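The structure appears below as structure tokens.
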Amino acid sequence: MSENDYDAFAAAYQADNENNAWNAYYERPAILSMVADVTGLRVLDAGCGGGVHAAALLDRGAILTGIDSSAALLDIAQRRLEGRAQLRLADLNEPLPFEDGSFDLILASLVMHYLPDWSLPLAEFNRLLSQSGRLVFSTHHPFMDHPSAGHDNYFETYSFDETWQRGGKDVEMRFWHRPLHAMFDALKSAGFQIDVLSEPQPDPRACELFPEAFRSLTTKPRFLFFSARKA
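Residues in the sequence shown are numbered consecutively from 399, following my numbering.
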């Protein structure tokens, strides 16, 4: 299995993602809180996966379009959303198939750390946003990646591999570490102004449900959350 082949383990990934500590009780509530009111907004869910964030945004009144590079995850999202959103296969490493100014908000949940270069996707996000539109995204915290990646130089942008276990299979994953200043520089170069940088705490309910994960999430950096406006 090649790295990051979500089509090969989509069902197992989505089943884990629905209720685990990291996604359901940490990333998802944090990023949806940052998004806030989306009533009537045209929202692009970039890297929508199985559609969990998309469903929450639709319930809040968003007009939603979802894209993902995994056809299998899009099939799961299609069944979940039951035609309430437009879903398309797309790769964030390539130009996106939408007109300028098509969206008021772009959400990108835990997808940027798969990308070797942020220049094109951020430029595309800027192009797709309406005037003063907003980009909200989460990504690996660089202080989480670097200690475990085995790389000498924190200040470099580099790839590293992990092996996940999902559905009884070993799954090879590849991620990209980039230092904090590189994230800021990429956003500025793409025409964004950062409103919020957040290092949130998990949902308190995780304390009883996932005590070990809760201790980790409350004491060590895991993900980093940005809200940025089109300048």
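Each residue gets a CB set at the ideal place from its N, CA and C atoms; glycine is no exception.
Owing to the predicted nature of the structure, the values given are computational and were not obtained by experimental measurement.
From the DSSP output, in three-state form, read off residue i for me.
i: Trp420; result: helix
i: Tyr404; result: helix
i: Ser500; result: coil
i: His549; result: coil
i: Asp568; result: strand
For residue i, write down the residues that DSSP places opposite it in a beta bridge.
i: Ile635; result: Past the edges of the chain, shown from 399 to 629, lies residue 635, and the structure says nothing about it.
i: Glu411; result: Reading off the sequence, residue 411 comes out as Tyr, not Glu. Paired residues: none, contrary to the question.
Which one of the options has the shortest CA to CA distance from residue i?
i: Ser431; options: Leu520, Ala588, Ser596, Ile474; result: Ser596
i: Gln591; options: Phe553, Asn421, Lys628, Asp502; result: Lys628
i: Val433; options: Asp502, Asp498, Asn418, Ala488; result: Asp502
i: Glu480; options: Ser468, Gly449, Ile465, Leu622; result: Gly449
i: Leu527; options: Ser557, Arg440, Phe612; result: Arg440
i: Asp601; options: Trp420, Ala483, Phe541, Phe624; result: Trp420
i: Asp457; options: Arg482, Asp473, Ala469; result: Arg482
i: His579; options: Trp516, Pro427, Arg477; result: Trp516
i: Thr616; options: Phe624, Ala626, Ser625, Ala604; result: Ala604
i: Asp443; options: Ser536, Thr555, Asp403; result: Ser536
i: Gly565; options: Asp466, Tyr411, Ala611; result: Tyr411
i: Met581; options: Lys618, Thr437, His511; result: His511
i: Ala588; options: Phe608, Leu472, Ala521, Asp568; result: Ala521
i: His575; options: Thr555, Val569, Arg620; result: Thr555
i: His538; options: Val569, Asp568, Ala506, Arg532; result: Ala506
i: Leu494; options: Leu518, Gly447, Phe621; result: Leu518
i: Leu524; options: Phe623, Lys586, Val594; result: Residue 524 is actually Asn in this sequence, not Leu. The shortest C-alpha separation from Asn524 is found at Lys586.
i: Pro598; options: Gln484, Asp583, Lys618, Glu606; result: Lys618
i: Leu635; options: Arg572, Val509, Phe608, Asp489; result: No information on residue 635 is available, as it lies outside the stretch 399 to 629 that the chain covers here.
Would you kindly report the start and end of the unbroken alpha helix (DSSP H) that includes residue i?
i: Arg627; result: It is not in any alpha helix (DSSP H) - Arg627 instead sits in the beta strand (DSSP E) that spans 621-628.
i: Val450; result: 450-457
i: Val433; result: 426-433
i: Pro493; result: Pro493 -> no alpha helix (DSSP H), and no H or E assigned at all.
i: Ala611; result: 609-615
(message) If we require 3 or more residues per run, which beta strand (DSSP E) segments fall completely within the region 503-547?
(response) 527-538
(message) Suppose only complete runs of 4+ residues qualify. What are the alpha helix (DSSP H) ranges in the region 558-604, listed by chain order?
(response) 578-587, all fully within the region 558-604.
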